[in-house]
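A.B. asks:
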Amino acid sequence: ALNPWQCPRPGWTLGLAAPGTVGGQGGSPCQEKQVVLLSPLGRMEISGCDKGVHEIKLPKPSVPPPGAEPSVACEVCEGAEELPEPLQQCTAWLRAYFCEPASTGTLPLSALSLCLADSFTRQVLWTLLNDVKFGEAVSYKQLADLAGNGRAARAVGGAMRSNPIPIIIPCHRVIRSSGDSGNYGGGQPMKEWLLCHERLQKEKLAQGGDRKRQGQGQGQERGQAQGQGQGQGQGQGQD
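According to this note's numbering, the sequence shown is numbered sequentially starting from 16.
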């Protein structure tokens, strides 16, 4: 769930509320924790609390060529002790994203606790999270349409720049209308690698499904042929 008002942190002003309050209601600062995930793209720093994930910091650009298979196991390398549940779920989801993408749909998506004062930014990120699936891409204009304001493509670009939880909220799937990948907080090579990773994995899943259906069809044909042969044998015996 996307919970933009759930987690007050020291020094934050949430919307029009004073620091340390939630939507005008009193609240206490959370106990933020960090974990470092060693991914195929480098070290990803993830912070959050028991209310949800606050932020994912992408590594400095050190990206494999587009289409290259991940050469590094995706493992927690720092901060694994006593992680709150949202950080446990987040690291598990990211490991699956890089290494076993087919399993991401079966994993719980961690709660996301964000400081987003702008309602349109919240709507855009929520729409992106829910409507633009693995292996898909939309233009800034298309995402503006999906979020309910087709003339706000420029504002969508601003929402992408302010996204504190990249990859999980997949701002890399938002590209220019020309088909060019466009800008990205982790750098354009990282964005292109992520898009290529998803496209190739989606193709592999589709090919696996085709082979499975083909095998089932061949099995049915063999079963029908055997049934016909048995029927013919019985008919000849009666003659």
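The C-beta atom is built at its ideal place from N, Cα and C for all residues, glycine as well.
Using CA coordinates, which residue listed in Ala111, Ile71, Gly201 and Ala168 is at the minimum distance from Ser192?
C.D. replies: The option with the nearest alpha carbon to Ser192 is Ala168.
A.B. asks: Apply the 10 Å Cβ neighbour rule to Gly39 and answer buried if 16 or more other Cβ atoms are within range, or exposed otherwise.
C.D. replies: The predicted position of Gly39 is uncertain, since its pLDDT is 34 and thus under 50; no value can be drawn from it.
A.B. asks: What do you reckon, are the CB atoms on Ile183 and Cys89 nearer than 8 angstroms?
C.D. replies: In this structure, Cys89 does not lie closer than 8 angstroms to Ile183 by Cβ.
A.B. asks: Would you mind stating whether Gly120 and Gln138 have Cβ atoms separated by less than 8 angstroms?
C.D. replies: No. Outside cutoff.
A.B. asks: Shortest alpha-carbon distance to Ser125 belongs to which of Cys211, Cys64, Gly201 and Gln46?
C.D. replies: With distances taken between Cα atoms, Ser125 lies closest to Cys64.
A.B. asks: Taking the straight line between their C-alpha atoms, what separation do you get for Gln203 and Gln46?
C.D. replies: Their Cα atoms are separated by approximately 34 angstroms.
A.B. asks: Of the choices Lys66, Pro123 and Val91, whose alpha-carbon is the least far from that of Pro55?
C.D. replies: Nearest option by C-alpha distance: Val91.
A.B. asks: Look at the alpha carbon of Leu158 and the alpha carbon of Leu73, and state the distance between them as a whole number of angstroms.
C.D. replies: About 23 angstroms.
A.B. asks: Using the C-alpha atoms, what's the distance from Gly172 back to Ala221?
C.D. replies: Looking at the two C-alpha atoms, the distance is approximately 31 angstroms.
A.B. asks: Report all residues from its chain with a CB closer than 7 angstroms to the CB of Phe113; omit the five preceding and five following residues, and keep chain order.
C.D. replies: If we look at Phe113 and ignore the five residues flanking it on each side, its Cβ neighbours are Ser54, Pro55, Pro85 and Cys89.
A.B. asks: Taking the beta carbon of Lys148 as the centre, do at least 16 other beta carbons fall within 10 Å, making it buried, or is it exposed?
C.D. replies: Lys148 is exposed by the Cβ-count criterion.
A.B. asks: When the Cα atoms are used, what is the spatial distance from Gly201 to Val189?
C.D. replies: Each residue's alpha carbon lies about 14 angstroms from the other.
A.B. asks: Ends of the beta strand (DSSP E) at Leu53?
C.D. replies: Here the beta strand (DSSP E) through Leu53 covers Lys48 to Ser54.
A.B. asks: Bridge partners for Ile184 per DSSP, in chain order?
C.D. replies: Looking at the DSSP assignment, Ile184 forms a beta bridge with Pro181.
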